[in-house]
Amino acid sequence: MMLLKIGFVRGVKWFALFGFLAIYQWWNGNMEDVHNMLVYGGMAFFLGLTSVIYEVKRWSFPKQILIHWVTMHVTILPLVIFSGFLPVTSLQDALLVYLKFNVSGLILFSSSYVIQKVRRQAKTL
60 MMLLKIGFVR GVKWFALFGF LAIYQWWNGN MEDVHNMLVY GGMAFFLGLT
110 SVIYEVKRWS FPKQILIHWV TMHVTILPLV IFSGFLPVTS LQDALLVYLK
160 FNVSGLILFS SSYVIQKVRR QAKTL
């Protein structure tokens, strides 16, 4: 329960940042940018909330990866699809968005994993 609270606080902090940016854009009359900031804020909220997945010590690393992958599909992917950032007017478009989502997720996950591993090795030197 403590990790859920930590994740929620992380998510709210990130959403608040984008919320302030949305207010700034609204103040300047940039309604499209308000929409963008709120979508980014939603993504940041869910990323902050789910960041604690890798802090659950009793879960194996493969289980953490699987839970993370499923969670991103339930939270971030719908935001990407319904945000309008990538046009989805056909099944082919939807499949392309899904492919891009998974490829970018794999790239981000892999680079984060390598950076984390290098940092841990640097600490032991």
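Here our numbering is used: the first residue of the sequence shown is 60, the next is one more, and so on.
Cβ coordinates follow ideal geometry from the N, Cα and C atoms, glycine included.
Please read these numbers as outputs of a predicted model, since none were measured by experiment.
In the DSSP assignment, find the alpha helix (DSSP H) that holds Val173 and state where it starts and stops.
Residue numbering aside, residue 173 sits at position 114 when the sequence shown is read from its first letter. Here the alpha helix (DSSP H) through Val173 covers 150 to 183.
Go ahead and label Thr148 buried or exposed: buried means 16 or more other beta carbons lie within 10 angstroms of its beta carbon, across all protein chains shown.
Taking the sequence shown and counting its residues from 1, the one referred to as residue 148 is at position 89. Exposed, since its Cβ has fewer than 16 Cβ neighbours within 10 Å.
If we call anything under 9 Å between Cβ atoms a contact, is Leu76 one with Gly101?
The residue you call residue 76 lines up with position 17 of the sequence shown. The residue you call residue 101 lines up with position 42 of the sequence shown. Contact flag unset, no.
Could you tell me which whole alpha helix (DSSP H) segments of length 4 or greater appear in the stretch 97 to 157?
120 to 142
Which of the three DSSP states is assigned to Asn95 in this structure?
Translated into the one-based positions of the sequence shown, residue 95 becomes position 36. Asn95 falls in the helix class under three-state DSSP.
Tell me the residue span of the alpha helix (DSSP H) that contains Gly186.
Since the first and last residues shown for the chain are 60 and 184, residue 186 lies out of range.
Between the alpha carbons of His200 and Leu165, how many angstroms are there, rounded?
Past the edges of the chain, shown from 60 to 184, lies residue 200, and the structure says nothing about it.
Separation of Gly88 from Ile135, as counted between CA atoms
The sequence position of residue 135 within the sequence shown is 76, counting from 1. The sequence position of residue 88 within the sequence shown is 29, counting from 1. Taking the straight line joining both Cα atoms gives about 27 Å.
Sequence-distant residues of the same chain with beta carbon closer than 8 Å to Trp128, five excluded per side:
Residue mapping note: residue 128 aligns to position 69 of the sequence shown, counting from 1. These residues qualify, in order along the chain: Gly164.
Could you pull out every residue in the same chain whose Cβ sits closer than 6 Å to the Cβ of Ser142, ignoring the five residues on either side in sequence?
Walking along the sequence shown from the start, residue 142 turns up at place 83. Result list for Ser142: Val98, in chain order.
Excluding the 5 residues flanking Ala181 on each side, which residues of the same chain have their C-beta closer than 8 Å to its C-beta?
Numbered from its first residue, the sequence shown carries residue 181 at position 122. Contacts found: none.
Please classify Trp73: is it buried, with 16 or more other beta-carbons within 10 angstroms of its beta-carbon, or exposed?
Locating residue 73 in the sequence shown gives position 14, counting from the first residue. Trp73 should be labelled buried.
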